[in-house]
Structures are given as C-alpha cells and as structure tokens.
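Q: Heads up: the sequence shown runs through residues 3 to 452, numbered per our numbering. By construction, the Cβ of each residue, glycine as well, lies at the ideal position given by its N, Cα and C atoms. These numbers come from a predicted model, not from an experiment. Structure provided below as structure tokens; questions to follow.
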Amino acid sequence: MDITHDSSPVPLETNFDFFQHWYPIALLEDLDPKRPTPITLLGQHYVIWQPRDSNQFLVFHDQCPHRLAPLSEGRIDEQTGQLMCSYHGWQFNAEGHCTHIPQAETVTSKESQQYCVVALPTQQENGLLWVWPDLKTRKLASTQLLPTSPFLDASKGFIWSSVMRDLAYDWQTLIENVADPSHVPFAHHGIQGNRKKASPMPMKILHSSVDLIEVQTTGKFITHISFEPPCRLEYRFELGEGRQAGMVTYCIPISPGRSRIVALFPRNFAKGLNQFIPRWFEHIKTRNSVLDGDMILLYHQERQLLQQTQSKNWQFVYRLPTSADRLVIEYRKWFDKYCQGQMPWQQPHGQSFLGPASCDRTQILDRYHQHTLICSSCRGALHNIQLLQKVLVSFFVITVTGVAVLPDPIRTHWGIPLILFALLALSLFAWLRYWLEPRFRFVDYVHANH
C-alpha cells in the first residue's frame with residue numbers, strides 16, 4: 003500500500019512567512035573583511051561587508067541609491083573604512099547613511115539619511131552570519147531565537163567541520179533530499195554509503211507542527227532527524243558509549259532553481275582529526291563529492307516534478323510506499339498546508355521560472371563558482387597550488403638550462419642528480435595541474451562508475 007495516500011487531503015493554510023525568519027547566509031571564516039561579498043536570499047540581492055573599525059559583518063541591499071549600481075562591486079575605502087560604490091564613489095557607514103558624495107561639496111545630515119542604503123538585522127553566532135530579511139518586523143527579529151543546534155557547543159566537548167556550497171536546484175528539492183536518509187547508500191556509494199548494505203529503514207514521526215517536524219529511525223543505531231522551518235535540518239546520531247555525532251544543515255532559499263547549503267558536522271570524539279586534515283582537503287575529497295553525487299539527479303528530478311505537478315498533485319506523481327519515505331511525505335504535507343505549495347517567487351498553481359534543462363554537466367557540477375570562490379580554505383589552497391606550479395616549472399627550466407651550461411667536470415658529477423630533481427619537479431607540477439587543481443573546479447560524477 004502506498005503510504006502517500008494513507009491520510010485524507012490536507013487543508014490549505016497560509017501562515018508561514020519565509021521572510022520572517024533568521025537565515026545563516028555565510029560561514030564567518032569564509033568571508034573576506036577587506037572586500038564586499040554578494041549574496042542572494044529569497045530572490046533578493048544583498049551585499050555583506052565589514053567596516054574597518056568593527057568585527058561585525060553587515061548586510062545591505064545590494065543597490066546604491068544614486069543610480070542603482072551593485073554595491074557588491076564596490077570596495078572598502080582605505081581611509082574611512084566605509085563601503086564605497088565603485089560607480090561614482092558614494093560612501094555609506096555602518097547604519098547605511100550616505101557620508102560622502104564626491105560630486106557634492108558637503109552632505110547634510112538630512113541628505114545623509116535620505117540617500118541611505120537599506121541595512122538588514124544581523125547576528126553572528128556559531129561561526130555563522132545570520133540575517134533577518136523582513137524589514138517590516140525588526141522588533142520581531144530581536145525577540146526570535148536563532149535556530150542553532152545544541153551540538154554546536156564547544157563547552158560540551160563538541161568540535162565540528164563545515165562546508166558551504168551553492169546548488170543547481172531549488173530549496174524545496176534540497177529540503178526533500180536532506181530529509182531522505184535512504185538515498186545515501188545508493189547516491190553516495192563508496193563515499194558515505196554502500197549500496198550492498200542498504201536495508202529497510204523504519205521511521206516514526208514524533209512531532210509535526212508549523213514550527214518543527216521530528217522523526218526517529220531505528221537500525222544499526224538510533225537517529226533523530228529534526229526539521230525546523232525554513233532552514234535547519236539536523237541529524238543526531240547516538241553511537242553508544244557516550245559518543246555523539248551529527249549533521250547540522252541550513253538549507254537557504256536563494257532563487258528559482260538555486261539554493262545554498264551550509265553544513266556543519268559536529269562530534270564529541272576523534273577530536274584530533276581536525277588538526278591533521280586540512281579543511282580544503284576534506285572538501286575536495288568528501289564534502290563536494292557527496293554534493294556532486296546528488297546534483298545531476300536532483301537537477302533533472304526537480305524539472306520533472308515541476309512539469310508533472312502542473313496538472314497533478316505530488317501525491318499522485320511520487321510513489322512513496324515505504325516507511326523510509328515518511329519524513330519526505332510529512333515535509334511535503336507541511337509545505338502544502340502552511341505555504342500552499344509555493345515559494346515566494348512562484349506564480350499561482352506552482353508555475354516555475356525555471357528554464358529548460360541543461361545538458362552541460364560542467365555547468366551543473368561547477369565546483370569553482372559554487373564552492374571554491376566562496377570558501378576561504380579552498381580559494382587559498384588553489385592560489386597556493388597555482389603558485390607552486392610556477393615555482394616547479396621555473397625550477398625545471400632553470401635546472402635543465404643550468405646543467406647544459408655547467409663545465410664538463412661538474413656536469414659529469416652533478417648533471418644526472420640535478421636532471422632527476424628537475425624531472426621530479428616536473429612530475430609534481432603535472433600532478434598538481436592535471437589531478438589536484440581540477441578538484442577545485444569540476445569533477446564529473448558518473449554513478450555508473452561508482
């Protein structure tokens with residue numbers, strides 16, 4: 003029997019506002035305080051920046067009031083430490099007030115507030131920059147707790163690693179995918195799972211409301227999964243002997259066909275591993291490979307679902323007969339009941355703004371723009387790898403040239419060792435150039451090869 007049809011149709015209610023919530027839009031360690039950073043949230047464009055005399059990042063609308071140029075293309079002025087528009091040089095302070103117009107002799111107090119940029123409420127917690135996108139409810143924002151996790155608490159003995167990536171599919175698809183643990187042995191075989199060890203996954207709904215969905219799975223060990231709309235989806239693993247681990251994901255709605263995942267992986271054991279494994283290596287070896295394993299599947303699945311749900315409800319499009327699908331079903335019913343099955347940018351009846359599907363896998367699995375550019379660790383590692391390549395090539399050329407001009411007695415004694423070192427440097431260059439560097443840009447994920 004199909005579990006999807008076990009209950010009667012869910013009445014529609016509209017009482018969930020995507021804009022009246024805190025969103026963690028970036029990892030603090032990945033933000034550059036010396037330059038503005040663009041970010042999109044719920045279809046709106048913003049700029050993240052930090053005043054020179056502050057340790058707090060700010061979020062403004064990415065639009066200069068003068069001629070609407072993007073402030074994310076601006077800079078932090080060396081003298082004032084304020085945000086400068088690169089089009090005409092207008093400057094803005096931490097409150098968003100215009101403090102300098104090069105084309106005017108002075109800026110009055112009234113003009114300063116009149117020509118202001120909209121600043122959003124922000125907080126910094128758990129190594130994340132949080133933003134409240136609804137300007138009409140600033141007072142409400144100050145009373146709402148951040149959707150943080152108890153696992154992200156170093157005082158309780160937890161450590162964690164982190165990763166952030168933009169994805170080529172919608173927030174709805176991201177939530178549905180993270181809420182589905184049964185896909186792991188197959189979509190991530192050899193990386194995080196093993197398809198030969200896949201088994202039934204009993205799942206029980208513990209709580210379901212507009213603010214929280216909780217489920218529990220049983221198997222090798224007990225897993226608690228909680229979804230706190232609109233963005234926190236957390237796994238808690240009880241591994242026995244007091245060992246605990248988790249996966250805390252924040253699923254950020256960016257725009258139609260785009261989302262961002264901010265994932266943290268806490269644990270209270272094996273704490274020394276973080277000191278020996280570079281963050282960038284973990285990203286290229288595991289984290290990005292896991293996300294690549296989902297990307298092509300979900301990119302095309304999303305378009306199929308949107309096309310077929312133009313005339314049918316998802317309950318008649320999907321076939322969800324097992325207990326392992328219960329959280330996906332509960333999430334879809336939540337989305338229907340409290341959001342009318344629509345994102346803020348969707349038209350009536352769920353009509354999507356997504357374009358036709360692309361066959362360009364290099365674009366769908368574009369690690370460089372989706373991750374490397376927004377990750378300080380990978381961006382820095384790639385820069386060092388490219389620099390090392392130049393050093394190795396220079397060493398090879400200089401060494402070979404030097405051996406050629408050495409006097410015969412010296413060349414006879416030192417020529418072969420030097421040439422061997424030069425060839426070793428060339429081999430290392432080739433490994434960096436053709437194996438390691440591409441891991442920061444694009445790695446095709448073909449499931450048939452796994």
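(1) Alpha carbon to alpha carbon, how far is LYS273 from ALA156? Give it in angstroms, no decimals.
(2) For ASN451, which residues in the same chain have their Cβ closer than 8 angstroms to its Cβ, ignoring the five residues on either side in sequence?
(3) Whose C-alpha, out of ASN95, TYR89 and LEU147, is nearest the C-alpha of GLY83?
(4) For ASP34, collect the residues of the same chain with a Cβ closer than 8 angstroms to its Cβ; drop the 5 residues on either side in sequence, then sort them by chain order.
(5) I believe VAL180 touches CYS253 by the beta-carbon criterion, under 8 angstroms. Please report the beta-carbon distance rounded to the nearest angstrom.
(6) Using the Cβ count rule (16 or more neighbours within 10 Å means buried), how would you classify VAL212?
(7) Straight-line CA distance for VAL1 to LYS141?
(8) Quick one: using the 10 Å Cβ neighbour count with 16 as the cut-off for buried, is CYS233 buried or exposed?
(9) Check the C-beta distance from TYR340 over to PHE18 and give it rounded, since I have them as a contact under 8 angstroms.
(10) Provide the residue span of the beta strand (DSSP E) that contains TYR25, from first to last.
(11) Do the stretch 21 to 29 and the stretch 147 to 167 touch if we need at least three Cβ pairs shorter than 8 angstroms?
(12) So the candidates are ALA143, TYR89, ARG435 and HIS99; which of them puts its Cα closest to the Cα of HIS23?
(13) So for ARG281, helix, strand or coil by DSSP?
(14) Figure out for me which residue from LEU43, PHE62, GLN125 and LEU44 has the closest Cα to the Cα of ILE50.
(15) Mind checking which residues open and close the alpha helix (DSSP H) that includes VAL330?
(16) Quick check for students: name the residue ranges of the beta strand (DSSP E) that lie wholly in the stretch 172 to 241, counting only runs of 3 or more.
(17) In this structure, what does DSSP give as the bridge partners for HIS47?
(18) In whole angstroms, give me the CA-to-CA distance for GLN52 and GLN125.
(19) Are ILE400 and PHE442 close, meaning C-beta to C-beta below 9 angstroms?
(20) Output yes or no for whether 9 angstroms exceeds the beta carbon distance between GLU236 and PHE223.
(21) So who's on the other strand from GLU127, going by DSSP bridges?
(22) Determine the extent of the beta strand (DSSP E) in which TRP433 is found, giving its start and end residues.
(23) Going by CA-CA distance only, name the one from SER151, GLN372, HIS90 and TYR436 that's closest to LEU266.
(24) Starting from the C-beta of GLU230, find all residues in its chain whose C-beta is less than 6 angstroms away, skip the five residues before and the five after it, and write them out in chain order.
(25) Note down, in chain order, each residue of its chain lying with its Cβ closer than 7 angstroms to the Cβ of TRP282, except the 5 sequence neighbours on either side.
(26) Answer yes or no: do HIS302 and ALA247 have a C-beta to C-beta separation smaller than 9 angstroms?
(27) Quick one: what does DSSP say PHE59 is sitting in, helix, strand or coil?
(28) Write down the C-beta distance between GLY259 and ASP172 rounded to the nearest angstrom, noting that I regard them as a contact closer than 8 angstroms.
(29) Can you confirm whether the stretch 290 to 297 touches the stretch 432 to 447 when touching is taken to mean that 3 or more C-beta pairs between the two stretches lie within less than 8 angstroms?
(30) Counting along the chain, where does the alpha helix (DSSP H) carrying TRP316 start and finish?
(31) Apart from the five residues on each side of it in sequence, which residues of its chain come closer than 8 angstroms, Cβ to Cβ, to LEU43?
(32) Okay, do the stretch 196 to 206 and the stretch 316 to 332 touch, 3+ Cβ pairs below 8 angstroms being the bar?
(33) For ARG289, does the count of other Cβ atoms within 10 angstroms reach 16, so buried, or fall short, so exposed?
(34) Could you give the uninterrupted runs of the alpha helix (DSSP H) lying entirely in the stretch 61 to 88, keeping only those of 4 residues or more?
(35) When DSSP labels each residue in this structure, what does SER157 get in the three-state scheme?
A: This is what the structure holds:
(1) 11 angstroms
(2) none
(3) ASN95
(4) SER378
(5) 6 angstroms
(6) exposed
(7) Residue 1 is absent from the structure shown; the chain starts at 3 and stops at 452.
(8) buried
(9) 4 angstroms
(10) 25 to 29
(11) yes
(12) ALA143
(13) helix
(14) PHE62
(15) 328 to 341
(16) 205 to 210, 215 to 219 and 225 to 230
(17) THR42
(18) 13 angstroms
(19) no
(20) no
(21) LEU130
(22) Taken as a continuous stretch (DSSP letters only), TRP433 belongs to no beta strand (DSSP E), being part of the alpha helix (DSSP H) at 410 to 433.
(23) SER151
(24) PRO149 and LEU214
(25) SER379, CYS380 and ALA383
(26) no
(27) coil
(28) 6 angstroms
(29) yes
(30) 316 to 319
(31) TYR25, ILE27, VAL133, PRO135, ILE254, PRO255 and ILE256
(32) yes
(33) buried
(34) none
(35) helix
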